[in-house]
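Residue numbers (the numbering used here): 5 to 154.
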């Protein structure tokens, strides 16, 4: 069995279970997380981070039968575009306000924020290695940030 998620333009997320080889689907949960469209999500272990047009990042807990929103924080002045886990204690987001924000996962406290040079950001990619990693913001241009671990 495979679990997959579908997001909507009105702030809802649906979890489905896909049975193989029959390819039948069953909805296992549905939750309203944002006041408008959900633009990105990332999953790590039993946590789901979502980001939406409302500029909010929502941290939720995934269980086999439901998705429970735990904490919400407005991180962007306009639509949030992408959110990614950064290791086990942090996450990073980018919005159409051209801000790149790094927060603690447990408290959602901002630890770093800067403006990116990329016009109209469309995505955020992370690559990690033993020395830290790289964050890449792409849109009308590409900008790379080096992440140095302590």
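The C-beta atom is built at its ideal place from N, Cα and C for all residues, glycine as well.
query	result
Local conformation of residue 80 per DSSP, three classes	coil
Residues that residue 16 bridges to, as DSSP identifies them	36
Extent of the continuous beta strand (DSSP E) to which residue 102 belongs	Neither: residue 102 is in no beta strand (DSSP E) and is coded neither H nor E.
Stretch-stretch touch, CB-based, cutoff 8 Å, three pairs: the segment 79–89 with the segment 98–107	yes
Chain-order list of residues whose beta-carbon lies under 7 Å from that of residue 68 (same chain, five-residue window excluded)	none
Rounded Cβ spacing between residue 35 and residue 20 (contact assumed at less than 8 Å)	About 13 Å separates the two Cβ atoms, so there is no contact after all.
Closest by C-alpha distance to residue 24, when choosing among 7, 40, 106	7
Three or more C-beta pairs below 8 Å linking the segment 67–81 and the segment 106–124	yes
Element boundaries [beta strand (DSSP E), containing residue 129]	123–133
Cross-strand partners of residue 23 (DSSP beta bridge)	28
Opening and closing residue of the beta strand (DSSP E) in which residue 45 lies	42–48
Continuous beta strand (DSSP E) stretch holding residue 109: start and end	That residue, residue 109, is in no beta strand (DSSP E); it is neither H nor E in DSSP.
Buried versus exposed, by CB contacts within 10 Å (16 or more), residue 107	buried
Residues sharing a beta bridge with residue 68, DSSP	DSSP output for residue 68 lists no bridge partner at all.
Range of the contiguous beta strand (DSSP E) that encloses residue 172	There is no way to answer for residue 172, as the model of the chain reaches only from 5 to 154.
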